[in-house]
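Read the structure below first, then the notes.
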Amino acid sequence: MTDILIQNARLIDPEAGTENPGTVLISGGRIAEVMREDGPTGAVLQKRAGKAELVDAEGAVLAPGIVDIGVKIGEPGERHKESYGTAGLAAAAGGVTTIVTRPDTTPAIDTPETLEFIRRRANEAAPVNVLPMAALTKARAGREMTEIGFLMDAGAVAFTDCDNVVSNTKVLSRAMTYARSLGALVMGHPQEPILSSGAAVTSGKFASLRGLPAVTAMAERMALDRDIALIEMTGVRYHADQITTARALPALERAKRNGLDITAGTSMHHLTLNEMDVADYRTFFKVKPPLRSEDDRQAVIEAIRTGLIDIIGSFHTPQDEESKRLPYEEAASGAVGLETLLPVLLRLYHSGELDLPTLFRALSLNPARRLGLECGRLSKGAPADLVLFDPDKPFVLDRFKLQSKSKNTPFDGARLQGKVLRSYVAGKEVFKSS
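So for the sequence shown, our numbering puts the first residue at 747; every next one is plus one.
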């Protein structure tokens, strides 16, 4: 493998919380040296690089590759919506170097045999790292827990029933207790299932004007409170997949302050869109949980800034045209996001709401730490999973140019700033902008 020397870059170090001009040497699939302004001269580093391939970043940003937790792939069962090949290409084009996949497939990923099939398919087809999650209960039905130990042996990095919330508290507590004994990570979807059933939007004046079935923001708080009580009881490692409302934040803060092993994520959509974007029943804006109020959006941005919410994900959910071209309350939920994650979130950078080290703390460092991965850092010895991007390059998004099989993005026709120039996985270039 050829060594690579990336010069004249803006280096984003989410561990140190810094942004500095500098140079990075990649060797043997890892970061061999990082030279910042106050380090050794470029000439010295270039000499140490020997015959390395030289890449002039021309002032572009070099950051750890994104670790995206909660990606839906259509294999098995819905390959017409997304395959590991197309998802891998979309991820590489979006600067996502590790995708952590959901088990809400058809059938669900709830046995070691299914998980082995998924791992083989991913290794064959995807140019990026693929880490699978497995179902917490069999068929995600909430009645009987899966063979957590065997699934961990087969490579499962976490356990979740996704949006099929386990309503039986006894089943959930037993699963959490068993997961705790094995050190497994459980990921929950904080939505009270009865209140949330059939809801398409968040309760409020806008929902009433549109005449759409709605769910109160308290459904998130209620479910999170229940899960926090079970975490306290069982001691399990727990991650809340999406915290999207201001009402849930005090409970999260108390749980962390009390020393519970809990982290939380949110989605790119809830950071950059609000309930008003549904407008004239635009189904590409139908996601789960539904888009929230502007006050909620601002509260969640602040929670990312302070570190109360740890992780941002795309929650990439491909849906075909037939699933979306329906009346709003009947349309399928979800949007693709692997390729749009970075440029969409750069809206928050350009508006001055979040700086780049804070963004990549939530996009790369924290998800890698939560899963016990080496990546997510821009430091000597770390895997050379990197993204080089121009944060200021403007473009208009054309959904039909996306690499994903499905094109259900709410950002079609949006004016965005920020283009990925190159992506590297273990020092290998997996994407280069044309």
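Glycine included, C-beta positions come from ideal geometry on N, C-alpha and C.
On the premise that residue j lies in contact with residue i, defined as a C-beta separation below 8 Å, what is that separation, rounded to the nearest angstrom?
i	j	result
residue 1034	residue 909	6 Å
residue 821	residue 867	6 Å
residue 813	residue 1121	7 Å
residue 948	residue 963	6 Å
residue 1172	residue 1114	Actually they are not in contact, since the Cβ atoms of residue 1172 and residue 1114 sit about 14 Å apart, beyond 8 Å.
residue 1111	residue 1050	Incorrect: roughly 13 Å between the Cβ atoms, too far for contact.
residue 1081	residue 1156	6 Å
residue 1152	residue 827	5 Å
residue 874	residue 838	6 Å
residue 930	residue 894	6 Å
Going by DSSP, which residues form a beta bridge with residue i?
i	result
residue 948	961
residue 891	883
residue 984	932, 1008
residue 856	DSSP lists no partner for residue 856.
residue 768	755, 782
residue 843	Bridge partners of residue 843: none, in fact.
residue 1170	1132, 1175
residue 732	Outside the shown range of the chain, which is 747 to 1180, sits residue 732, and nothing can be said about it.
residue 1117	Answer by DSSP bridge pairing: none, since residue 1117 is not bridged.
residue 1141	1162
residue 817	847
residue 875	844
residue 807	756, 1135
residue 1013	1059
residue 905	880, 932
residue 1081	1062
Inspect the beta-carbon positions of residue i and residue j and report whether they are closer than 8 Å.
i	j	result
residue 907	residue 886	yes
residue 1013	residue 1059	yes
residue 1165	residue 1141	yes
residue 1092	residue 1163	yes
residue 942	residue 965	yes
residue 1042	residue 1009	no
residue 1181	residue 938	Residue 1181 falls outside the range modelled here, since the chain spans only 747 to 1180, and no answer is possible.
residue 807	residue 1054	no
residue 912	residue 888	yes
residue 976	residue 919	yes
residue 852	residue 870	no
residue 804	residue 754	yes
Relative to the C-alpha of residue i, which candidate in the options has its C-alpha closest?
i	options	result
residue 1070	914, 752, 1154	1154
residue 1169	766, 779, 761, 843	843
residue 1137	952, 1090, 992, 974	1090
residue 769	894, 930, 802	802
residue 896	928, 911, 1048	928
residue 831	771, 893, 1084, 939	1084
residue 757	1135, 888, 914, 996	1135
residue 1104	763, 753, 755, 750	763
residue 1116	905, 985, 765	985
residue 956	1074, 816, 808	1074
residue 974	933, 953, 961	933
residue 1026	971, 1066, 958, 1161	958
residue 1176	835, 891, 1072, 1054	835
residue 799	937, 978, 1157, 751	751
residue 850	1077, 935, 1050, 1086	935
residue 1106	748, 753, 899, 809	809
residue 1191	1143, 1167, 1147	Here the chain comprises residues numbered 747 to 1180, so residue 1191 is not present and cannot be evaluated.
residue 971	1054, 946, 1000, 954	1000
residue 773	888, 747, 1095	747
residue 1037	950, 805, 755, 1145	950
residue 833	1149, 911, 1156	1149
residue 952	1021, 905, 994, 1174	1021
residue 1065	817, 760, 890	817
residue 1024	852, 872, 1077	1077
residue 891	901, 924, 864	924
residue 1067	993, 1145, 901, 884	1145
residue 1147	840, 998, 900, 902	840
residue 967	805, 983, 992, 904	992
residue 1133	1174, 869, 982, 902	1174
residue 1079	864, 754, 1063, 1167	1063
residue 983	905, 829, 1094	905
residue 771	1118, 783, 1094, 749	749
Is residue i close to the ligand PLP? I mean its beta-carbon at under 7 Å from any heavy atom of the ligand.
i	result
residue 1129	Although the ligand PLP was asked about, the structure shown includes no ligands whatsoever.
Within the chosen definition, does the segment 844-864 reach the segment 878-897 through at least 3 CB pairs nearer than 8 Å? yes
Closer than 8 Å is the cut-off here; do at least three beta carbon pairs connect the segment 1119-1137 with the segment 761-778? yes
Counting Cβ pairs closer than 8 Å, one from the segment 998-1005 and one from the segment 1018-1032, do we hit at least three? no
Using a Cβ distance threshold of 8 Å, determine whether the segment 1009-1023 contacts the segment 1051-1066, with at least three qualifying pairs required. yes
Evaluate contact between the segment 1015-1025 and the segment 1043-1054, counting only Cβ atoms and requiring at least three cross-stretch pairs below 8 Å. yes
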